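Let me begin by presenting the structure, written as C-alpha cells, before commenting on it.
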Amino acid sequence: MKIFKEIKENIYLIVFLLLLTFNFLIVNFSFPLKYEIVILSFFIIIILFCVLCFKMGYSFLRFLVIDEDEIEIDYSKFLTLLSCFSFLLLSVLINLNEVGIARYVLLVFIILVLFNGVFFFYDLERKGNKFISRFWFFLLSVISIVYFVVSAIAASFFMKISNMDITNSPFLELIWTFSSMVFIFFLVLQPLLYIFFLKMAGKLKGIRFMTTVLLLAAATIVLSLVLRWIPNFMVLALDISTDYEWRVSAHCGQLEISEPQERYFGFHVDKYTVYFSDRDGKWGFEELRCIKDELGDDRYIRLPIDGSSMPKWFNDSEKE
Numbered sequence: 013m014k015i016f017k018e019i020k021e022n023i024y025l026i027v028f029l030l031l032l033t034f035n036f037l038i039v040n041f042s043f044p045l046k047y048e049i050v051i052l053s054f055f056i057i058i059i060l061f062c063v064l065c066f067k068m069g070y071s072f073l074r075f076l077v078i079d080e081d082e083i084e085i086d087y088s089k090f091l092t093l094l095s096c097f098s099f100l101l102l103s104v105l106i107n108l109n110e111v112g113i114a115r116y117v118l119l120v121f122i123i124l125v126l127f128n129g130v131f132f133f134y135d136l137e138r139k140g141n142k143f144i145s146r147f148w149f150f151l152l153s154v155i156s157i158v159y160f161v162v163s164a165i166a167a168s169f170f171m172k173i174s175n176m177d178i179t180n181s182p183f184l185e186l187i188w189t190f191s192s193m194v195f196i197f198f199l200v201l202q203p204l205l206y207i208f209f210l211k212m213a214g215k216l217k218g219i220r221f222m223t224t225v226l227l228l229a230a231a232t233i234v235l236s237l238v239l240r241w242i243p244n245f246m247v248l249a250l251d252i253s254t255d256y257e258w259r260v261s262a263h264c265g266q267l268e269i270s271e272p273q274e275r276y277f278g279f280h281v282d283k284y285t286v287y288f289s290d291r292d293g294k295w296g297f298e299e300l301r302c303i304k305d306e307l308g309d310d311r312y313i314r315l316p317i318d319g320s321s322m323p324k325w326f327n328d329s330e331k332e
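Just add 12 to the spot in the sequence shown (first one is 1) and you have our numbering.
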C-alpha cells in the first residue's frame, strides 16, 4: 500500500520526530524511570545517527567509484543529519538536567542550521527558484528604507538614555546601528521562513523538507533568545564601542576622575557624558559637570540620566 511505502521511505524522519516530541513533552514532568527512559532514547539516537552516517558513507564511496554523473551527492545532507542529532541531543540533555552542556549544544545546532541554510538557499537560487528571486528583489528594494528608519529610531533611543547625539561618536554609532539592524533581521527572519515553509512545504521532500523544518525551529529559538537578550546586546555593544572610542578619565581643572567601570565622552570640558557598566550591579549613563566650590577648588557633580540593573545571559539559581 502507498501509506506503508511512504512510512518506509521516511522511517528515519518519523523516528526523529517521535523521539524529539517525546523528549520535549516530558521536560517539565517527573515520573518513575524517567532517567532510564531518557538514557534509552539517547542510545536509540546514537544508533540512528550511526546508521545514517553509514548510509551516507556508502553513498559517498559509490560516488567516488562510479561515474559522478550517475550518482548525485548532496553535501547538505550531512549538515542536516548533524543538525537533527544536535537537536535531539539538546532535548535529552535538558531532561537529564545538564543545562550547561545543553547551551553549548544549542549553539552548535544554530551554527549547523545556519551553514545548512546557506547551502540550501544557494542551491534553490542556482536552480532558479521564483520565491527566492522575488525575495532578493524585495530585499534590495526596501533595505535602504529599513536602514534609514532603523538608524533614526536607534539614534533617538540612544539620545533618550544618554542625552547625547550619537553622531558625535562615530564608532559607537556604527556598532549601535549595526546591532539594531541585526535585531530587526532576526525579528523578521522567523515570519519570512514561516511564509517560505507554507509556500514550499508541498514541493520539498525528504532532506530538503527536514532542512526547512530545522531552519524554522532554529529561527524561532533565536528570535525568542534575541527578544529576551535585548538588554544584554545593548550593554555588549556599548561596552565594545566605548572601550574603544571613549576615554578612561575625565578632568575638571586639576582634578582627575577615573573609575574602572566608567568611560567618559569629552576632553577638558565642563560637561562629560559618562557610561558606566557593572558598577554596583548597574549600567547606564550620567552627566558629569565640573564646578568650583566656595574656596575655588575644582569639584564635580553627577547627574543621573538613565540606569538599569545589569542583565544576565542566564538566570540560574545560586546553589548554596
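Think of the CB as a built atom: it goes at the ideal place given N, C-alpha and C, for glycine as much as any other residue. Computed from a prediction, not measured in an experiment: that's the story for all the values here.
For residue j and residue i, believed in contact at Cβ under 8 Å, the rounded distance
{"i": "Met246", "j": "Asp290", "result": "No, Met246 and Asp290 are not in contact; Cβ-Cβ is about 14 Å, not under 8 Å."}
{"i": "Ser98", "j": "Phe121", "result": "4 Å"}
{"i": "Leu226", "j": "Thr92", "result": "7 Å"}
{"i": "Phe208", "j": "Phe288", "result": "That pair is no contact at about 44 Å."}
{"i": "Thr285", "j": "Met176", "result": "5 Å"}
{"i": "Val416", "j": "Ser192", "result": "Residue 416 lies beyond the range of the chain shown here (13 to 332); nothing can be said about it."}
{"i": "Glu299", "j": "Ser181", "result": "15 Å between Cβ atoms; not a contact."}
{"i": "Arg314", "j": "Lys304", "result": "16 Å between Cβ atoms; not a contact."}
{"i": "Leu235", "j": "Leu199", "result": "7 Å"}
{"i": "Ile38", "j": "Lys46", "result": "7 Å"}
Residue i - DSSP class collapsed to helix/strand/coil
{"i": "Gly296", "result": "strand"}
{"i": "Leu267", "result": "strand"}
{"i": "Val286", "result": "strand"}
{"i": "Leu307", "result": "coil"}
{"i": "Phe133", "result": "helix"}
{"i": "Ser320", "result": "strand"}
{"i": "Leu239", "result": "helix"}
{"i": "Gly112", "result": "helix"}
{"i": "Ser181", "result": "coil"}
{"i": "Met176", "result": "coil"}
{"i": "Val281", "result": "coil"}
{"i": "Tyr141", "result": "A small correction: the amino acid at residue 141 is Asn; Tyr does not occupy that position in the sequence shown. Three-state DSSP puts Asn141 in coil, outside helix and strand."}
Beta-ladder partner(s) of residue i, from DSSP
{"i": "Ala262", "result": "Ile269"}
{"i": "Glu274", "result": "Phe288"}
{"i": "Ile302", "result": "According to the sequence shown, residue 302 is Cys rather than Ile. Its beta-bridge partners are Tyr312."}
Buried/exposed call for residue i, threshold 16 Cβ in 10 Å
{"i": "Gln202", "result": "buried"}
{"i": "Val154", "result": "exposed"}
{"i": "Thr223", "result": "buried"}
{"i": "Val260", "result": "exposed"}
{"i": "Ile106", "result": "buried"}
{"i": "Ser329", "result": "Residue confidence is low: Ser329 scores 45 on pLDDT, short of 50, so the model does not pin down where it sits. Its coordinate-derived value is still stated next. By the neighbour-count rule (16 or more Cβ atoms within 10 Å), Ser329 is not buried but exposed."}
{"i": "Phe197", "result": "exposed"}
{"i": "Phe170", "result": "buried"}
{"i": "Thr189", "result": "buried"}
{"i": "Ser156", "result": "exposed"}
{"i": "Trp295", "result": "buried"}
{"i": "Leu250", "result": "buried"}
{"i": "Ile178", "result": "buried"}
{"i": "Leu307", "result": "exposed"}
{"i": "Ala164", "result": "exposed"}
{"i": "Asn368", "result": "There is simply no residue 368 to check, as the chain begins at 13 and stops at 332 in what is shown."}
{"i": "Ile113", "result": "exposed"}
{"i": "Phe132", "result": "buried"}
Residue closest to residue i, alpha-carbon to alpha-carbon, out of the options
{"i": "Asp292", "options": "Pro272, Phe150 and Phe127", "result": "Pro272"}
{"i": "Val104", "options": "Glu306, Ile49, Asp251 and Ser156", "result": "Ile49"}
{"i": "Ile252", "options": "Val234, Leu94 and Glu274", "result": "Glu274"}
{"i": "Phe297", "options": "Val281, Phe277 and Thr224", "result": "Phe277"}
{"i": "Leu101", "options": "Ser320, Gly140, Ser53 and Ile269", "result": "Ser53"}
{"i": "Lys283", "options": "Ile269, Lys215 and Trp295", "result": "Ile269"}
{"i": "Gly265", "options": "Val281, Ser181, Glu185 and Glu110", "result": "Val281"}
{"i": "Leu60", "options": "Pro44, Leu37 and Leu94", "result": "Leu94"}
{"i": "Val238", "options": "Tyr47, Leu210, Leu205 and Val194", "result": "Val194"}
{"i": "Lys215", "options": "Leu136, Lys172 and Phe150", "result": "Leu136"}
{"i": "Cys302", "options": "Ala262, Asn244 and Asn109", "result": "Ala262"}
{"i": "Asp309", "options": "Gly319, Ser320 and Leu267", "result": "Leu267"}
beta-carbon residue i near the ligand COA non-hydrogen atom, thresh 8 Å
{"i": "Pro323", "result": "The ligand COA is absent from the structure shown, which contains no ligands of any kind."}
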